[in-house]
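The C-terminal residue of the sequence shown carries number 825 in my numbering, and the numbering is unbroken.
Down below is the structure, laid out as structure tokens.
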Amino acid sequence: MNTANSRCNPSSIHRFFSNDLAEDSCERLEYHVTSCVTCQERLQKESAEKDLWVATKESLQDDAYDLEPLSDTYSKLEYFSGHLDIQTLLDSLAPSDDPRMLGRLDGFEIAGVVGSGGMGIVLKAFEPALARYVAVKVLNPELWRNEMARQRFSREARAAASVIHENVIEIYSVSTDSAIPYLTMPYLRGETLAQRIANRGPLGVEEVLRISRQLAAGVGAAHRQGLVHRDIKPANVFLSQGAERVRITDFGLAYAVSDDRLTQTGVVSGTPAFMSPEQIKGESLDQRSDLFSLGSVMYMMCASDQPFHGETVMHKLRMICDETPTKLERINPSIPTWLAAIVDRLHQKSPDDRYASADELVRDLDSCLANLQNPLSFSQPKTIHRLQARYVKSARAPRSNFMAPIAYGCLLILLATGVTAGLSPQLFSGLLLAEKSDQPIALSGRVVNHKGEPVAGATVLAVQKTWPNDQYRQAALKTTTNADGTFTFKGFGIQGEKYAFLLTSLADGYAMTSQYKVVSDGQPQPLIILSVTPCDPTRIRVVDADGNALPDVKVLPDSRKTAAGEEHMTYSMQVSDGKATDKEGQVTLYAFAAKDTASIYVEQQGNVTSHSIQVGEPVNTIKLEAIKAPISVQGRVVTTDGKPLAEAKVIVVKKTWPGGRFRMEPVLSKTSDSGEFILKDFVPGQLKHEFMVTIIEPGFAMTSLYRGMDDADQDAPMNLVVEPTEVITFTLSDADGKPLAEVLLSPTQRETVDGVSHHNYSINREAVSVTTNAAGEATMSAWNAGEKGTLLYNVDGKVGTIEFQVPESRQISLRIPKAN
């Protein structure tokens with residue numbers, strides 16, 4: 006290949022990672038990258054963030070922490086002071102020639118104690134023969150003479166060693182015949198999943214999927230070896246530091262399904278909070294028991310709380326057998342319904358109603374993760390849509406408050422095993438389901454000060470509104486409070502399970518406060534109280550790189566974190582509503598109190614940046630870098646025969662803002678006579694901008710293109726090709742067959758016969774919508790015959806989606822279901 010004609014094309018690298026590059030283009034790119042340092046750096050940056058590369062490098066090179074002097078290691082045992090088993094173990098070690106070490110066990114120099122549990126103690130050790138650090142798990146000294154315990158310990162080593170998988174802990178060696186039984190494993194830096202949840206609280210949806218996918222893959226590998234783990238819980242899930250990998254540990258309770266000696270009915274083993282119903286009842290188990298436990302682990306990642314509560318262990322076990330946990334999305338409103346539906350399926354009481362295998366779960370999690378990361382290239386599988394529909398339907402069904410007892414024989418088994426330890430009661434709350442009506446939701450509230458007095462004239466923002474399929478409308482809605490401090494947002498209507506709002510109050514003289522609120526269709530809404538506390542003004546001064554004052558710069562409060570760790574947010578995308586700096590470059594905000602950590606947006610000539618300040622200084626100074634030239638998004642729209650399409654409507658529906666957030670309001674434009682368009686308001690704010698361009702023009706099929714672009718990447722215009730198509734006539738009627746007039750219809754998705762999807766995520770639906778006439782009819786030309794499509798409809802403020810396939814007749818009759 007002639008490299009003289011091979012030049013740098015940054016967009017090709019992005020398309021390569023999006024699987025959107027033709028085979029011959031991939032070959033050219035690979036050939037070019039081998040000799041181009043610039044593109045090698047771009048490739049590295051595109052494939053992973055810098056922090057991930059650094060962490061990966063650190064995890065692969067020599068362990069600097071391990072190479073530190075260990076003379077003070079013993080002092081680190083203060084946490085375990087008074088632990089007789091650990092002291093007994095340390096006293097039993099042979100002396101070491103290395104004064105930094107605690108002792109010697111066979112060929113291992115013991116450097117320290119990592120942790121301990123009921124069955125064993127984990128040590129950090131150095132293996133001189135291979136010059137590496139390992140983890141040595143030693144059977145608890147009090148069990149050294151217990152033959153059954155030694156057999157179980159040996160079984161753990163055999164079970165774990167038989168599973169060769171990247172998500173299962175490796176076993177290096179095992180010694181169960183010596184006086185001190187032990188096994189060796191990799192020494193890993195990181196934390197258990199239980200520690201991460203305790204430290205961070207609920208995990209993000211993408212992190213939940215990523216961890217769950219690896220956990221399910223590891224469980225599936227054990228199942229393929231005929232093993233049931235029986236103790237899947239957060240404490241047995243290890244998250245490696247750096248290039249994070251999930252590893253399942255502690256196979257001490259694992260058994261082979263084919264081993265009749267270990268599958269006796271009536272044997273109860275496991276951690277009560279994460280047992281399956283059949284495990285509690287002492288019934289024979291198969292792999293689906295682990296899937297129930299995995300569902301409990303996923304629930305805890307989403308809610309930072311166990312799914313089943315009880316004042317005693319007995320009560321908790323009864324809950325697992327007879328009750329369903331509180332709906333995840335009510336505990337954590339950020340959890341999408343489809344994820345709650347997956348957890349719900351894993352939590353089915355009958356194994357036949359759960360996933361049939363861990364591999365089946367892995368496939369669903371892979372699809373959901375791909376859709377979450379790149380919704381335009383990957384759609385959610387139909388299995389998830391069906392699962393979500395069943396979940397929503399079951400949630401609406403009346404439920405009994407009756408708790409049936411576990412069989413009397415099961416109670417005797419539990420009592421016989423001595424499982425009677427009590428648990429600390431934990432409070433939890435849920436949102437009761439109510440019958441839905443056809444009336445739109447009205448969200449009302451009141452802003453009061455710390456004395457309970459009304460605050461009039463306060464600005465109130467509602468900045469998130471749920472749309473169908475868990476999409477969010479982020480354009481902020483704004484109002485002000487009345488003389489009695491009350492406010493109302495009207496007309497929220499949707500054919501769906503819930504809405505999610507972030508309500509924020511901003512009032513001069515008071516610190517910002519916010520409240521996340523989830524409501525359901527037709528459900529009576531209690532008055533929302535936003536309580537604000539008085540605060541002193543926060544003065545901010547904005548200067549350029551040389552320290553000169555910058556007047557007429559907009560400053561908008563974004564989030565407030567109190568000294569106690571409470572966080573209040575606006576998430577408002579309307580920077581134009583911020584306060585402008587005066588001629589001295591100063592502005593006064595009443596959003597923060599002393600000792601708060603504040604995050605604010607600053608907008609200067611269209612360039613938006615995010616800044617963090619510590620409140621308490623007389624004046625907080627923000628220094629702005631020189632403004633970079635705005636990025637131009639440009640392209641050309643042509644027909645299939647290469648002719649330019651003039652006056653075509655161009656809609657850009659996502660624009661990256663600082664901190665990885667998205668501005669969802671569409672940017673509208675039209676093509677010129679030569680079919681060209683240019684959008685000039687994309688201002689640099691971070692490394693990459695992401696957006697989708699959609700063309701919807703009468704007489705042509707809808708097309709769209711998703712694009713990521715660096716600040717400096719302005720030399721690759723887009724080329725969008727539209728196909729001519731005929732008009733489709735839609736006839737809408739209600740559930741009783743009555744025509745629906747004045748209904749707003751918007752094309753939202755087109756799937757070609759070849760499976761290619763085009764989307765329109767425009768929030769300004771009116772820009773691409775048509776309205777039905779008195780006969781319920783409307784015409785549109787966004788699809789070809791045989792293609793699948795999705796319409797978004799608005800009936801009296803209620804918004805929903807409906808799918809269809811275009812017949813040859815191009816006549817489509819659709820019925821809008823009644824609101825549930």
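All residues carry an ideal CB built from backbone N, CA and C; glycine is no exception.
Next on the checklist: For R820, tell me which candidate among V607, T388 and E808 has the shortest Cα-Cα distance.
Outcome noted: E808
Next on the checklist: Let me confirm a value: G552 is counted as buried when at least 16 other C-beta atoms fall within 10 Å, else exposed. Which label applies?
Outcome noted: exposed
Next on the checklist: Quick check on the DSSP output: the alpha helix (DSSP H) that includes S301 runs from which residue to which?
Outcome noted: R293 to A308
Item to check | Whole-angstrom distance between P191 and L673, CA atom to CA atom | outcome: 56 Å
Next on the checklist: Rounded to whole angstroms, what is the Cα-Cα separation between L370 and K332?
Outcome noted: 20 Å
Item to check | Extent of the continuous alpha helix (DSSP H) run through Q378 | outcome: A363 to Q378
Checklist entry - Are the Cβ atoms of L107 and G120 separated by less than 8 Å? => result no
Next on the checklist: Going by C-alpha to C-alpha distance, which of V748, V727 and D96 sits closest to L737?
Outcome noted: V748
Item to check | Other residues of its chain near N765: CB distance less than 8 Å, five sequence neighbours each side excluded | outcome: I656, V658, T699, I701, M707, S709, S751, P752, T753, Q754 and V773
Item to check | Inter-residue spacing [alpha-carbon to alpha-carbon] between R229 and K398 | outcome: 34 Å
Checklist entry - Rounded to the nearest angstrom, how far is the Cβ of V1 from that of V592, given a contact under 8 Å? => result Nothing can be reported for residue 1: it is not among the residues displayed for the chain, which extend from 6 to 825.
Next on the checklist: Taking the alpha helix (DSSP H) that Q219 belongs to, which residues open and close that run?
Outcome noted: V210 to R229
Checklist entry - Do L511 and P562 have their C-beta atoms closer together than 8 Å? => result yes
Checklist entry - By the 10 Å Cβ neighbour count, where 16 or more other Cβ atoms means buried, how is T543 classified, buried or exposed? => result buried
Checklist entry - Hey, how far is the Cα of F113 from the Cα of I169? => result 24 Å
Checklist entry - Are the CB atoms of D830 and I336 nearer to each other than 8 Å? => result The structure shown does not extend to residue 830, since the chain spans only 6 to 825, so no value can be given for it.
Checklist entry - By the 10 Å Cβ neighbour count, where 16 or more other Cβ atoms means buried, how is G814 classified, buried or exposed? => result According to the sequence displayed, residue 814 carries Ser and not Gly. That one is exposed.
Item to check | Simplified DSSP assignment, three categories, for I411 | outcome: Unreliable positioning characterises I411 in this predicted model, as indicated by a pLDDT of 37, which lies under 50. The coordinate reading is nonetheless provided below. Looking at I411 - three-state DSSP - the assignment turns out to be coil, as it is neither helix nor strand.
Item to check | Residue burial classification, M408 (beta-carbon count within 10 angstroms, cutoff 16) | outcome: Residue placement at M408 is flagged as unreliable, the pLDDT there being 34, under the threshold of 50; the coordinate-derived value follows with that caveat. Under this definition M408 is an exposed residue.
Item to check | Best match in R712, K648 and H390 for proximity to E681 [C-alpha to C-alpha] | outcome: K648
Next on the checklist: Based on DSSP bridge pairs, tell me the residues matched to R323.
Outcome noted: Note: R323 sits in no beta bridge, so no partner.
Checklist entry - With 16 other CB atoms within 10 Å as the buried threshold, where does A130 fall? => result buried
Next on the checklist: Please report the straight-line C-alpha distance between T388 and V523, rounded to a whole angstrom.
Outcome noted: 26 Å
Item to check | Classification of L437 by the beta-carbon crowding that lies within 10 angstroms, buried from 16 upward | outcome: Confidence at L437 is low in this model, with a pLDDT of 21, below 50, so the placement of that residue should be treated as unreliable; the coordinate-derived value is given next. So L437 counts as exposed.
Next on the checklist: At the level of alpha carbons, what is the spacing between Y521 and F506?
Outcome noted: 6 Å
Next on the checklist: Does P403 come out as helix, strand or coil in the three-state DSSP assignment?
Outcome noted: With a pLDDT of 43 at P403, under the threshold of 50, the predicted position of this residue should be treated as unreliable, and no value is reported.
Next on the checklist: Can you give me the C-alpha to C-alpha distance between I253 and P282, rounded to a whole angstrom?
Outcome noted: 22 Å
Checklist entry - When you compare only the Cα positions, how much space is there between Y515 and P356? => result 55 Å
Checklist entry - Which residues in the same chain as I817 place their Cβ atom closer than 8 Å to its Cβ, once the five residues preceding and following it in sequence are excluded? => result I733, T734, F735, T736, F809 and V811
Checklist entry - What residue does the beta strand (DSSP E) around V726 start on, and which one ends it? => result M723 to V727
Item to check | Sequence-distant residues of its chain with Cβ nearer than 6 Å to N625 (five each side left out) | outcome: I545 and I618
Checklist entry - Over what stretch of residues does the beta strand (DSSP E) that includes Q609 continue unbroken? => result T602 to Q609
Checklist entry - Of the residues I605, S449 and V468, which one's Cα is nearest the Cα of N487? => result S449
Next on the checklist: Below 8 Å on the Cβ atoms is my contact criterion, and I expect L555 with I533 to pass it. Report the Cβ-Cβ distance as a whole number of Å.
Outcome noted: In fact, because the Cβ distance is near 38 Å, the residues do not count as touching under 8 Å.
Item to check | Proximity winner among A140, R150, A199 and R160, relative to I177 (alpha-carbon distances) | outcome: Checking the sequence shown, residue 177 turns out to be Tyr, not Ile. Comparing Cα-Cα distances from Y177 to each of A140, R150, A199 and R160, the minimum goes to A140.
Item to check | Beta-carbon gap between I340 and V210 smaller than 8 Å | outcome: yes
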